[in-house]
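Single-structure report; data block below.
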Amino acid sequence: MYTLNLNQMTQQKFLDEYWQKKPVVIRQGFKDFFDPIAPDEMAGLAMEEQVESRLVHKKDGQWQAEFGPFESYEHLGTQDWSLVVQALDHFSEEAAEIIEAFRFLPHWRLDDLMASFAMPGGSVGPHKDNYDTFICQGSGKRHWRVGNNGEHVEFAAHESLLHVEPFEAIIDVELEAGDILYIPPGFPHEGISLDTSMSFSVGFRANSAVSVFSAFADHLIDTEQGTQLLTDPSRKVVTNSGAVSNDDYASIKSQVQNLLDDDTSFKNFTGQFLTAAKHELDIMLPDEPFELTEVSNLLNSHAIKRLGGLRAFYFEDTVEQGLCYINGSELEFSPDIADGVKLLCDKVMLSPNDLSDWSHNAAFVELVTVLFNQGYWYLAEVE
Ligand code: SIN
Ligand code: CO
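Counting the sequence shown from 1 gives a position; this note's numbering is that position plus 640.
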């Protein structure tokens, strides 16, 4: 278990002073930190097809970036390269534990856990991100510089590496195992490994309006909504046929606005959009489908766990009406089990004790049976 220690600062004080505002180093944010995954295991993952990974190194002074899956690392030598693996929380239960320390933030904002292994001198170069990132230093040391936000010209140091011009540092530190560097979006930064090192970045990302609009348009097409044509049966003769009247502009706008104002429909879209997996999930279906009676018994004796990276959220109001969203789909359930469903969405692991009010509830057991059979929840290993 990773317990976040903000050094006398309350979580609310962190949010008030730093979140989305300015970077900060949290020394020993994780006491006695240990790497949840070994470098060779990470290198092995980056050889797998479904894992998103990237190698960054320099060749003859030029930045190079290669995308996985990789077959070998032998051409890289012993310095000046780094390997990045995205969505490590989908593939390593141990690594996903780091994310649990950040549950004081709503997880619809969470993107993924990224791991980075670097040889001495290894770096991905100076850049800025659209993420709020908590860079958690694992084994080894890294030298980090962070600049102020503001105008930083970006350029392609390689066709798939967007860098920023040199910047003046407002933070210039060496991080050691357990130290955390929080960087809000837009602040340029660069980390250079001082020895062989690992780091784990928990990234939070909000959507831009354009990405929401684009996904909403796809949703309308898929669900055949918004197809009605604008109507104008009360049209009056005009003398300026080139003009779009104020009334006409208002009705064109309200045709679109009405789709956003329909909260049932827009919430349904938002829930599906926020829970859609951004990176491939490592779904393993059970060998045999679970039966209801079996699940009821199992919930009394075993903890259950949510698949790494699986997104499950509810809206404060509609959960009470029996609606939640899991992995890009709306799920209906009996409103009587709303509090049990909230537990499933709020916590990745639930013990028999957590579920004592629910393990004998037929509707809840039925829901969990479906989730087990989809490979979305599974029985936790007994420790
Ligand atoms: C890294 O750890 O190699 C890069 C992390 C970041 O800059 O976001
Ligand atoms: Co970055």
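No residue lacks a Cβ here, since even glycine has one placed at the ideal position from N, Cα and C. Just so we're clear, the structure is a prediction, and the values are computed from it rather than from any experiment.
Could you spell out the range, first to last residue, of the alpha helix (DSSP H) harbouring E934? 932-941
Within 7 Å, strictly: CB atoms of V786 and I823: yes
Leaving out five residues before and five after H942 in sequence, what residues of the same chain have Cβ atoms less than 8 Å from its Cβ? P992, L1019, A1020, V1022
Give the single residue among E799, D986, N880, H919 whose Cα lies nearest to the Cα of E692. H919
Bridge partners - E814, DSSP secondary structure assignment: H783
In whole angstroms, what is the alpha-carbon distance linking N886 and K876? 14 Å
Rounded separation between V725 and E734 - CA only: 15 Å
Residues of its chain near A809, where Cβ-Cβ distance is below 7 Å and the 5 sequence neighbours each way are ignored: Result list for A809: R785, V786, G787, in chain order.
Mapping DSSP to helix, strand and coil, what is Y965? strand
For F1004, the residue or residues it bridges with in DSSP: Answer by DSSP bridge pairing: none, since F1004 is not bridged.
Give the DSSP-derived three-state secondary structure of A809 in the structure shown. DSSP, read as helix, strand or coil, puts A809 in strand.
From L925 to C985, what distance separates their C-alpha atoms? 20 Å
The beta strand (DSSP E) enclosing K945, as first and last residue numbers: 944-946
Can you tell me whether M682 is buried or exposed? The criterion is at least 16 other CB atoms within 10 Å of its CB, across all chains shown. buried
So what does R875 bridge to, in DSSP terms? BP columns for R875 are empty, so no partner.
Exercise answer, beta-carbon shell around ligand 1 heavy atoms below 7 Å: S722, V724, M754, S756, A758, S763, V764, H767, D769, T773, I775, H829, G831, S839, S841
Less than 7 Å between the C-beta atoms of T915 and F973, yes or no? no
Suppose you measure from the CA of E794 to the CA of N1013; what does that come to, to the nearest Å? Using only the alpha carbons, I get a separation of about 47 Å.
Thinking C-alpha only, which one of S969, S881, S936, N940 is nearest T910? Ranked by Cα distance from T910, the options S969, S881, S936, N940 are led by S969.
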